[in-house]
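Each remark here refers to the structure printed beneath this line.
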Amino acid sequence: MEQLSGFDAFFIKSEFKSAPQHISHVYIYDPSSSDQAVIRFKDILQNYQNRLHLAPVFRRQIKGVPFSLDDPYWVDAPDFDIEYHVRHIALPKPGDWRQLCIQLARLHSQNLDLSRPMWQAYVIEGLDGVDGMPPGAFAIMTKMHHAMVDGKAALQMLESIHDHTPTVDNSPPPEMTLEPEPDTPQLLMQAGKNMLKQPGKSFSKLKRLFQLLKRSVNPDVTTAN
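Take the sequence shown: its letters are residues 71 to 295, numbered as in this note's numbering.
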């Protein structure tokens, strides 16, 4: 099991509806550089599907420790759905620069689902009204949670879906084996070991646990932080 660092866990704890903790990248693609007559969404979707194994962050999600006694762990998503993560939209006509910026701002303002792998990609068509865009150009906006990627991991994720040469490798991806998800006893046992290493930090966590248990027994009782 790989545990989130304290720094990465901080971004999870800092996630609020009004303060999403993700970053976004926007790339513009010129279809005339492809040897395909038409680039369809299903082709882009298949490209992602074939390259998931190249960047582990694509499929990993967080697994929380009961009562938040320790920082979460990374686990392989058991029910990964590529069509949830890669989506297809189009700008309304005339599809100008202002409309593109408004759409990007709307997408960026929406929180990622922390119960899934924390990334999404939006294929955006209908850019013909944007000055300087080649005919038929489309954009891909990728959202990635700060807890999931640093600069190196973000670059690995973006490089994995691109080729460095015009020759595309269309070989089928290797069979992926999911790591078994840790169960509650495993998580609590590891949390106990970590607490012994950091007694000061552990005291505040145990105090919060006792407060939660007290409230569950008597909801009318409030305790000071």
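We put the beta carbon where it would ideally sit given N, CA and C, even for glycine.
Element boundaries [alpha helix (DSSP H), containing His155]:
Where His155 is concerned, the enclosing alpha helix (DSSP H) stretches over 152-155.
Would Gly221 and Gly199 qualify as a contact pair, given that the criterion is a beta-carbon distance under 9 Å?
Their beta carbons are not under 9 Å apart, which means Gly221 does not touch Gly199 by this criterion.
Decide if Gln119 is buried, meaning its Cβ has at least 16 other Cβ atoms within 10 Å, or exposed.
By the neighbour-count definition (other C-beta atoms within 10 Å, threshold 16), Gln119 is an exposed residue.
Hey, is His158's beta-carbon within less than 9 Å of any beta-carbon in chain D?
The structure shown has no chain D; it contains just one protein chain.
Which of the three DSSP states, helix, strand or coil, is assigned to His92?
Here His92 sits in strand by DSSP.
Which first and last residues belong to the beta strand (DSSP E) in which Glu195 is found?
In the DSSP assignment, Glu195 falls within the unbroken beta strand (DSSP E) covering 189-195.
Own chain residues within Cβ distance below 8 Å of Met246, not counting five before or after
By the criterion of a C-beta distance shorter than 8 Å, Met246 is surrounded in its chain by Leu122, His123, Arg129, once the five residues flanking it on both sides are discounted.
Pick helix, strand or coil for Val291, following the three-state DSSP scheme.
Low confidence applies here, because Val291 scores a pLDDT of 48, under 50, leaving its location unreliable; read the following figure in that light. Three-state DSSP puts Val291 in coil, outside helix and strand.
Run through the DSSP bridge pairs and tell me what Arg130 is partnered with.
DSSP output for Arg130 lists Asp146 as bridge partner(s).
Quick one: what's got a C-beta closer than 8 Å to Asp140's C-beta in the same chain, skipping five residues either side?
Hits under 8 Å: Gln73, Leu257, Gln260, Ala261, Asn264, Met265, Lys275.
Cα-Cα separation between Phe86 and Pro205, rounded to whole angstroms:
Roughly 39 Å between the two C-alpha positions.
Answer yes if the segment 136-156 comes into contact with the segment 178-190, meaning at least three C-beta pairs across the two stretches below 8 Å, and no otherwise.
Flag = yes, the segment 178-190 and the segment 136-156 touch.
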